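Report on one structure; see the data block that follows.
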Amino acid sequence: MIDSPIATDSITNKQATQEASIYHTCRSVLNALTYVKGFEAFLENIEENSASDPLTKLWNICRPGTSLCFLFNTLKPDSPITVNSSATSKSKVYIYHFIIACRDQLYFPEDSLFTVTELCQNDTNGFVKVVNTVKCILELLKEQGTIPEHALTEIETSNNDSPKDMRDNVVYELLSTERKYVQDLEALQNYMKEVQAQEVLSPDTMHYLFGNLNALVDIQRRFLIQIEAQAASPTKEQRFGYLFIQFEEAFTVYEPFCANFQIAQDLVVQVANKLQKLANIMSPTYELPAMLIKPIQRVCKYPLLLQQLIKSTPEDWPYAEENKEGLEAIQRVTKKVNETKRIQENALVVEDLKKKLAVEDGSECSVDKYGQLLLHDKLILQKADSEHVKEVVVFLFEKVILLCKEVKDVNKNSISIKKKRKEGTLLVRGKIPMSRIEHVKGSSAQTGHYVLHVSWTEKDVNQTVQLKCRNDEQLRQWLGVIIEIKESTSKFDLLSTAPQTPLSEINPLLNYYDDEEDDYYNQEHDEDHNHSPMESNNLFMRNRSYSYQYNRMPHHHLQEQITRKQSLGNLSSPNFPPRHFVNGIPGMTLPPLPKSPNTPVASTSTSTSSSSAHADVYLNHSLPSSPPTSHPSSPNNNHMPSGALWKRRQQQKYDPMDESVYDGDRLLTDANSIDLLSATTTAVNTKRNSNSNQDIPEDYIKIKIHHAGSIYVVLVPLTINFDELSKKIEDKLRLCVQEPTISISGLKYEDEDGDLITINSNEDVQMGFEIKGPNNVVNFHVTTVC
Numbered sequence: 031m032i033d034s035p036i037a038t039d040s041i042t043n044k045q046a047t048q049e050a051s052i053y054h055t056c057r058s059v060l061n062a063l064t065y066v067k068g069f070e071a072f073l074e075n076i077e078e079n080s081a082s083d084p085l086t087k088l089w090n091i092c093r094p095g096t097s098l099c100f101l102f103n104t105l106k107p108d109s110p111i112t113v114n115s116s117a118t119s120k121s122k123v124y125i126y127h128f129i130i131a132c133r134d135q136l137y138f139p140e141d142s143l144f145t146v147t148e149l150c151q152n153d154t155n156g157f158v159k160v161v162n163t164v165k166c167i168l169e170l171l172k173e174q175g176t177i178p179e180h181a182l183t184e185i186e187t188s189n190n191d192s193p194k195d196m197r198d199n200v201v202y203e204l205l206s207t208e209r210k211y212v213q214d215l216e217a218l219q220n221y222m223k224e225v226q227a228q229e230v231l232s233p234d235t236m237h238y239l240f241g242n243l244n245a246l247v248d249i250q251r252r253f254l255i256q257i258e259a260q261a262a263s264p265t266k267e268q269r270f271g272y273l274f275i276q277f278e279e280a281f282t283v284y285e286p287f288c289a290n291f292q293i294a295q296d297l298v299v300q301v302a303n304k305l306q307k308l309a310n311i312m313s314p315t316y317e318l319p320a321m322l323i324k325p326i327q328r329v330c331k332y333p334l335l336l337q338q339l340i341k342s343t344p345e346d347w348p349y350a351e352e353n354k355e356g357l358e359a360i361q362r363v364t365k366k367v368n369e370t371k372r373i374q375e376n377a378l379v380v381e382d383l384k385k386k387l388a389v390e391d392g393s394e395c396s397v398d399k400y401g402q403l404l405l406h407d408k409l410i411l412q413k414a415d416s417e418h419v420k421e422v423v424v425f426l427f428e429k430v431i432l433l434c435k436e437v438k439d440v441n442k443n444s445i446s447i448k449k450k451r452k453e454g455t456l457l458v459r460g461k462i463p464m465s466r467i468e469h470v471k472g473s474s475a476q477t478g479h480y481v482l483h484v485s486w487t488e489k490d491v492n493q494t495v496q497l498k499c500r501n502d503e504q505l506r507q508w509l510g511v512i513i514e515i516k517e518s519t520s521k522f523d524l525l526s527t528a529p530q531t532p533l534s535e536i537n538p539l540l541n542y543y544d545d546e547e548d549d550y551y552n553q554e555h556d557e558d559h560n561h562s563p564m565e566s567n568n569l570f571m572r573n574r575s576y577s578y579q580y581n582r583m584p585h586h587h588l589q590e591q592i593t594r595k596q597s598l599g600n601l602s603s604p605n606f607p608p609r610h611f612v613n614g615i616p617g618m619t620l621p622p623l624p625k626s627p628n629t630p631v632a633s634t635s636t637s638t639s640s641s642s643a644h645a646d647v648y649l650n651h652s653l654p655s656s657p658p659t660s661h662p663s664s665p666n667n668n669h670m671p672s673g674a675l676w677k678r679r680q681q682q683k684y685d686p687m688d689e690s691v692y693d694g695d696r697l698l699t700d701a702n703s704i705d706l707l708s709a710t711t712t713a714v715n716t717k718r719n720s721n722s723n724q725d726i727p728e729d730y731i732k733i734k735i736h737h738a739g740s741i742y743v744v745l746v747p748l749t750i751n752f753d754e755l756s757k758k759i760e761d762k763l764r765l766c767v768q769e770p771t772i773s774i775s776g777l778k779y780e781d782e783d784g785d786l787i788t789i790n791s792n793e794d795v796q797m798g799f800e801i802k803g804p805n806n807v808v809n810f811h812v813t814t815v816c
């Protein structure tokens, strides 16, 4: 059993109930108002306006102010409020008199009362106070006997029958988790208000810690109200997909909040001592970080819930197609969130890079001149003519590929006269200008090596660097981004063929190694090198390479290459990076796929005799600079900051043998060409990954347990709960490390960025499972005590 640091009575463990939902509170208030004698006129006016939900109805009743004054006067106070029904322009005056009367005659606490602005503005954060005030007056009327005891009981019209089938279970999960999510957001909002009221933090720190939380709570409260209304409707009339279409624009509030998440998490650590003052409300060490990450978790959960809903909804139901459109809408939202988060995180990486960067030869290395940072990671640099390898930190900018060596520690036995540098410093070992890259190629083999080959010219000397990637996905991601940059700025040819240059003839990268360095890369650190996790999709790619290069070869040599291969690889096949990978990245000016006004798709038949036509296409064509994207490409529901688009594209199903040639203006395909327009729409009935790992049952998942420098593997069902998983892991560790008293003190999962996220509940377990790779494997990290 995990010894969780969070108390059992914590707000994070508090169950959300139907009665606490603002939707049902408004319904019970409206029901009670029907028992107030003389209030019928106000209700009839609202019926004529046909408000759609209980919150809007109640809002419309209260906003004129006269209804509030009438309700107050029903209490028969000593000083009733004078109301002139003809003075319609005095609504704010009536609201003000009502607030003052509640304070002075009913003795309601001033901090519990709303303001005139909170009632009149379009923000549920303020209207919640209005609802609570009206409810308090109705409670007083009930005590006086003016309205019956059951008046505040909601008229039951909801579909509260127990779930009958899979679809009912999905709807119930969507509704119950949404209630809990809004409850958590409101708890975080109340905590923020308390921090502000007690002046624990400065206004600037508050802004960076909580961001646009108020706007997020407002939108989610409105969304919950609509979810409640749909769940109360007859099953076939429920339109959950339409809600996601409606709220697509409103969900842009997630972009700044999620982009600010890492800054907020770091800030919590810095101000934890100050926040201890309010630890009785929310622990700054455990509960606050858990609350701040919930919006990211939730927005990424929506597409999964909609996919389950689509799967369990019969195709002939009235709004079945609408659900699919809703899925596309929320995937567009998550894509934008991912992209905004990625840009923000990369900006932080660049700022950190500026502090750590060091150049030994005195040459200039101005990061600000390199354009946007698109990708960064640790890769393995290898000489072409040697087995010697070196880990380098690679930064892929729009204009430069920067290769650095990280100074991890100082070798005490070293007799080097070089100046000792601070641990964590990044020494520049090479710069590859994007404008000089002539050839980039990715290759993989059954041995599990995924190599990115980059060739460029430096002072008329051809140079090549080979970078080993961890897995096939990372190789495709890096290759795809480089190709997109080259295509957007350069004359470019795409050839799918065997390597034109033997590895023994490729020049090694110059000056990228220190003579005193002698460490090697241990390929056993990542199991992805030992399997082929996407066997069904990658079989075509194995034992071949794909290369992309400038058209500088002679005509006869080019003709010879094309004659040898009658058709070229489809740009959208799963074996080649999509051309639209970096659409939407600032600084990129790439047209969105499948086509733009300048790139119509034409389908032509391809035969042996068409080889010469293909050769003409390749000769001296130039890809024109394209206008900035005006609309997003196909959606994505991952929460990866880097490579999210690529991962989504890889899940789309194409025939790897369909082949085409892109000539800058036309996409020439064979007779069995794929309609790229439909290819950009995300498939919903996803059977695409069903055979990705035949060794693992479909309803099971493999967990790699990282503990004390070792890795252990357990296979568990996807439905396992938190306690069962903890016991399963404990049993595994006790067996493997031969320690019968060992127990888990902390459990975390590793997300796509390599960050460790604490697991404290069943929901956290499922979030950890959701980031499983195509081989159905997740990484969990465990700390233990004996």
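Heads up: the sequence shown begins at 31 in the numbering used here, then just goes up one per residue.
Idealized CB from N, CA, C, for every residue including glycine.
Note that this is a predicted model, so its numbers are computed, not measured.
For residue j and residue i, the rounded distance between their alpha carbons
i	j	result
glutamine 260	threonine 343	15 Å
lysine 516	leucine 482	15 Å
serine 473	tyrosine 211	45 Å
lysine 758	glutamine 226	44 Å
alanine 4	asparagine 155	It is not possible to answer for residue 4, since the shown part of the chain is limited to 31 through 816.
lysine 734	histidine 479	21 Å
glycine 798	leucine 335	15 Å
lysine 471	glutamate 258	53 Å
valine 458	alanine 289	29 Å
arginine 251	isoleucine 52	8 Å
cysteine 166	glutamine 374	45 Å
serine 263	asparagine 61	19 Å
cysteine 418	glutamine 412	According to the sequence displayed, residue 418 carries histidine and not cysteine. Using only the alpha carbons, I get a separation of about 6 Å.
asparagine 90	asparagine 75	9 Å
cysteine 92	glutamate 355	36 Å
leucine 433	arginine 372	21 Å
isoleucine 275	glutamine 361	11 Å
serine 518	tyrosine 316	46 Å
lysine 324	glutamine 796	13 Å
asparagine 244	leucine 218	10 Å
Residue i - DSSP class collapsed to helix/strand/coil
i	result
tryptophan 508	helix
glycine 776	strand
lysine 734	strand
leucine 246	helix
arginine 372	helix
aspartate 195	coil
asparagine 479	Before going on, a small fix: residue 479 reads as histidine here, not asparagine. It is coil, neither helix nor strand.
glutamine 327	helix
alanine 388	strand
Own chain, CB closer than 8 Å to residue i, minus 5 neighbours either side, in chain order
i	result
leucine 786	Lys778, Tyr779, Glu780 and His811
threonine 370	Glu285, Pro286, Cys288 and Ala289
tyrosine 238	Asn290, Ile293, Ala294 and Leu297
serine 206	Ala46
Neighbourhood of residue i by C-beta, 7 Å cutoff - its chain only, sequence neighbours within 5 removed
i	result
threonine 455	Lys386, Ala388 and Val437
phenylalanine 128	Gly95, Leu98, Cys99, Phe102 and Ile111
threonine 813	Ser775 and Gly776
proline 348	Lys266
glutamate 769	Cys816
glutamate 208	Leu254 and Ile257
Element boundaries [alpha helix (DSSP H), containing residue i]
i	result
leucine 89	This sequence places tryptophan at residue 89; leucine is not what is there. Counting along the chain, the alpha helix (DSSP H) containing tryptophan 89 begins and ends at 84-92.
asparagine 809	Counting along the chain, asparagine 809 falls outside any alpha helix (DSSP H), though it belongs to the beta strand (DSSP E) covering 807-815.
cysteine 395	Neither: cysteine 395 is in no alpha helix (DSSP H) and is coded neither H nor E.
threonine 235	233-240
Start and end residues, beta strand (DSSP E) containing residue i
i	result
threonine 494	491-499
histidine 469	467-474
Other residues of its chain near residue i: CB distance less than 6 Å, five sequence neighbours each side excluded
i	result
glutamine 48	His54
phenylalanine 69	Leu63
Given 8 Å, three or more beta-carbon pairs between the region 157-176 and the region 267-277: Too few Cβ pairs lie closer than 8 Å, so no.
Tell me, please, whether the region 194-205 touches the region 135-144 by the rule of three or more beta-carbon pairs shorter than 8 Å. no
Taking 8 Å as the cut-off, does the region 503-515 touch the region 402-411 (at least 3 CB pairs, one atom from each stretch)? yes
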